[in-house]
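What follows is one structure encoded as structure tokens, with my remarks underneath.
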Amino acid sequence: MTVVMYPDTILVRFGEMMLKGRNRRRFETSIYQHIKRVLSPYGEIEISFDYGRIFIEGLGSSYDQVKGELSKVFGLVSFSPAYSTELDVEAIQKQALALVQSLPQMPATFKISTRRANKKFPHDTYETNNLIGGYILDHCPGLKVDVHHPELELRIEIREKALLFSEVEEGPGGFPLGTNGKGMLLLSGGIDSPVAGYLALRKGIAVEAVHFHSYPYTSDRAKQKVIDLAQKLSEYAGEVKLHLVPFTEIQTSLNSAHQGNFIVTFMRRAMYRIAQRLAEQQGALALITGESVGQVASQTLPSMNAIGQVVQIPILQPLVMMDKKEIVKIAEKIGTYETSILPYDDCCTLFLPKSPTTNPNLRVIEGIESTFEFMNSLIEEAIEKTETLVLRPGIKQSVEKELEHLF
Ligand code: ATP
Ligand code: MG
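With numbering that gives the first Met the number 0, letter number 219 in the sequence shown gets 218, and the count goes up by one each step, no holes.
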């Protein structure tokens, strides 16, 4: 009879809403594949489904690393590291005691909660609770039972084997990867848009990214920053396509045609038009951006209205009601913050007027814009010259190597 000292199994729970209706198989398949992918570096791992839950076995002693990977699997509500033991009362008692004794601090109170999925086990849940609880009480002086508010709830699952666990880790929640269609993320080098991309992915929306650069006004380092951010997102998505759109011509032409305070509005309208075209090409059904109301001149409601009018597909703005502090917190958690704060300017700071308008009038904007005869052909040209990279986790791409042929 052996007592295992590390959790060799993980019990994973996912949301109830996923169990209902015709989506269930699709959701399960996506979660299964996602777990398989993130755990593949850890050897031969077995994954099995049970209604609403997944069991991951064969972990060896790699739980601590695996735990970090599982927190990237969208749709997971929670998971628990578990210790497996043979279906034998004495074995379960010994394993339960080892688990209690391995805690950093002995709790004052505990309870046992048994769930008996395998009805061949001769003891019902009540008996099992008593058999295991009594053994622990005998071996841990001072420890008491509290069935209402125990400090430690030791759970036992009776299956082919017995599984013992007490910890419950929160998962990222959301929907399984890619189960809610695809969106085109407008990815700048800032703090916000990578967070918007992450939140879209968490909702099960597959993401492709588009970035507008103004080479040579913007540097290679600014572009590298965006590539690195897209790669960071690929750690969650598995793969992220990044479309790099040359935006210099459009910006310089706009700047020659109009020196007023509306230039940012025109610029943004051009970006949205191009992004919508790329979305159509790639089968994406929405744009995703990092706007948050009030943050800058182009993010007042009148600006957002004047800019959003140029596209027909939905514009998803997951951060629209969040404060910067909340956004930064997510950026730090998902690992994009450090890259985002690198001080390399992107194209938005180019030709920025002293006081960009916060209250553009749509009719006025449309009136002036209709005189920009160069616009349609420049948009076509920018789309034609767009380059696409595919980013995957762990495979770093650098501007010098990948993009030198562009210039
Ligand atoms: P971020 O932190 O994402 O850069 P921001 O607060 O700096 O956002 P803006 O510069 O007004 O805000 O940009 C608003 C949104 O427009 C961005 O979140 C992003 O989705 C999109 N965007 C801005 N610049 C670019 C760019 N160069 N390429 C692609 N998308 C962009
Ligand atoms: Mg920005």
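All residues carry an ideal CB built from backbone N, CA and C; glycine is no exception. Here the structure is a predicted model, which means the values were calculated and not measured.
Checking the sheet assignment: what are the DSSP bridge partners for K224? In DSSP, K224 forms no bridge with anything.
Taking only runs that begin and end inside the region 285-320, name each unbroken beta strand (DSSP E) of 3 or more residues, in chain order. For the region 285-320, whole beta strand (DSSP E) runs of length 3 or above, ordered along the chain, are 285-287.
With burial defined as no fewer than 16 other Cβ atoms inside 10 Å of the residue's Cβ, what is the status of Y50: buried or exposed? Using a 10 angstroms sphere on the CB of Y50, the tally of other CB atoms stays under 16, which defines it as exposed.
So is the beta-carbon of G189 under 6 Å away from any non-hydrogen atom of ligand 2? yes
Count the other CB atoms within 10 Å of the CB of S60; is the residue buried (16 or more) or exposed (fewer)? exposed
Measuring straight from C-alpha to C-alpha, what distance separates Y336 and L361? Between Y336 and L361, the C-alpha separation is close to 35 Å.
Would you decide whether N128 is buried or exposed? Buried here means 16 or more other CB atoms lie within 10 Å of its CB. Counting other Cβ atoms within 10 Å of its Cβ, N128 reaches 16 or more and is therefore classed as buried.
Residue ranges of each alpha helix (DSSP H) within the region 65-111, 4 or longer: Along the length of the region 65-111, whole alpha helix (DSSP H) runs at least 4 residues long occupy 88-100, reported in chain order.
In the structure shown, what three-state DSSP assignment does F406 receive? Bear in mind that the predicted position of F406 carries a pLDDT of just 40, short of 50, making it too unreliable to give a figure here.
To the nearest angstrom, how far is the alpha carbon of P80 from that of L151? 15 Å
Can we say the region 132-140 touches the region 173-183, given the rule of at least three CB pairs closer than 8 Å? Contact between the region 132-140 and the region 173-183 is absent: fewer than 3 CB-CB pairs across the two stretches fall below 8 Å.
Using only CA atoms, which one of K119, A283, S339 and Y197 lies nearest to I314? It is A283 whose Cα lies nearest to the Cα of I314.
Bridge partners for T9 per DSSP, in chain order? What sits at residue 9 in the sequence shown is Ile, not Thr. According to DSSP, I9 bridges with I55 and P80.
Which full runs of the alpha helix (DSSP H) of 4+ residues lie inside the region 332-389, going along the chain? 336-339, 361-368 and 374-383
Please find out if some non-hydrogen atom of ligand 1 comes closer than 6 Å to the beta-carbon of H210. yes
Under 8 Å: do the region 21-39 and the region 86-103 share three or more Cβ pairs, one atom per stretch? no
On the DSSP bridge assignment, give the partners of I155 in chain order. T113 and L163
State the DSSP-derived secondary structure class of A205, mapped to helix, strand or coil. Here A205 sits in strand by DSSP.
Return the first residue and the last residue of the alpha helix (DSSP H) that S255 is part of. T247 to A256
Three-state secondary structure (DSSP) of R391: strand
Based on the DSSP output, what are the partners of E168 in its beta bridges? F78
Please classify R21 as buried or exposed, where buried requires at least 16 neighbouring CB atoms within 10 angstroms. Exposed, by the Cβ-count rule.
So for K324, helix, strand or coil by DSSP? helix
Taking the beta strand (DSSP E) that G47 falls in, what are its first and last residues? Residue identity differs from the one stated: residue 47 is Ser in this sequence, not Gly. E45 to D49 is the span of the beta strand (DSSP E), which, as asked, contains S47.
Rounded to a whole number of angstroms, what is the C-alpha to C-alpha distance between D7 and L162? About 10 Å.
Please look up how many angstroms separate the CB atoms of L228 and L186, rounded, as I've assumed it's under 8 Å. With a Cβ gap of about 6 Å, L228 and L186 count as contacting.
Could you compute how far the alpha carbon of A97 sits from the alpha carbon of V2? 7 Å
Under 6 Å: does the beta carbon of V327 sit that close to some heavy atom of ligand 1? no
Cβ separation of L388 and I226, assumed to be a contact under 8 Å, to the nearest whole Å: 7 Å
What span of residues does the beta strand (DSSP E) with M270 cover, start to end? Under the DSSP assignment, M270 falls outside any beta strand (DSSP E), being part of the alpha helix (DSSP H) whose first and last residues are I262 to Q281.
Under the three-state DSSP convention, the category F120 falls into: coil
Using only CA atoms, which one of G293, I111, G141 and G307 lies nearest to L130? I111
Using a threshold of 7 Å, state whether the C-beta atoms of P245 and A381 are closer than that. yes
Proximal residues to F373 (C-beta, below 7 Å), its chain only, five neighbours per side dropped: Within the same chain, Cβ atoms closer than 7 Å to the Cβ of F373 are found at S252, the five residues on either side in sequence being excluded.
Cβ pair L286, M183 closer than 7 Å: yes
Apart from the five residues on each side of it in sequence, which residues of its chain come closer than 7 Å, Cβ to Cβ, to Y343? G188, S218, R220, A221 and K224
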